[in-house]
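As C-alpha cells, the structure follows; a few thoughts come after it.
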Ligand SMILES: NC(=O)c1ccc[n+]([C@@H]2O[C@H](COP(=O)([O-])OP(=O)(O)OC[C@H]3O[C@@H](n4cnc5c(N)ncnc54)[C@H](O)[C@@H]3O)[C@@H](O)[C@H]2O)c1
C-alpha cells in the first residue's frame, strides 16, 4: 500500500506556513501568490492550526470581520488532522472523508515534514 512518504517524494517537502499573529489579508495574499488553498499556522515555530479558504469564507467574509486587522490565529481551524510519512493513502482518504479536511500536514518526530492535499491523492490514484 502506497504511503504519504511516496507522495512527498514526488511532490516535495516544502510547507507554506504563516505566523498566527499575521493578518488574514496577508494569509489570503499568500494563498493567491502560491496558488494554494491552505496554510499551516505556527506560533513560535510550533504548529497550532490550519488556515483554509473555507475558514476565510465562513469565518471572515460571512461574519463581516476585517481581513486587514484580524489575526489568522483568531479564525484558524485548531482541530488539526495530521498524518505520518508512513500513513497509507487509504487512511488519508478515510481521514479526509470522515473529518472533512482537504489538507493534511505531515509530522514526524514532532517536526513538520510536508503536507498532502486531496488533489495530491486524487492525482496519485
Ligand atoms: N496535477 C497535479 O499535480 C495536482 C496536484 C494537486 C492538486 N491538483 C489540482 O489542483 C486543484 C486544487 O487542489 P487541492 O484541492 O488539492 O488543494 P490546493 O490548491 O491547496 O493544493 C494544490 C497543491 O499545493 C499543495 N499545497 C497546498 N497548500 C500547501 C501548503 N500550505 N504547503 C505546501 N504545499 C501546499 C498541495 O499539496 C497540492 O500539491 C484541484 O483541481 C486538484 O485536482 C493537481
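Numbering (my numbering), first residue to last: -4 to 120.
Ideal placement from N, C-alpha and C gives every residue a C-beta, glycine not left out.
Since the structure is predicted, the reported quantities are computational estimates derived from the model, not experimental observations.
Item                                                                                                                                                                      : Value
List the DSSP bridge partners of residue 99.                                                                                                                              : 111
Out of 72, 117, 78 and 112, point me to the one whose CA is closest to residue 104's CA.                                                                                  : 78
Short check: CB of residue 46 to CB of residue 27, under 8 Å?                                                                                                             : no
Spatial neighbours of residue 117 within its chain, please: CB distance less than 7 Å, with the 5 preceding and 5 following residues excluded, ordered by chain position. : none
Classify residue 81 as helix, strand or coil using the three-state DSSP reduction.                                                                                        : coil
Skipping 5 residues on each side, what residues in its chain have a beta carbon closer than 6 Å to that of residue 111?                                                   : -1, 2 and 99
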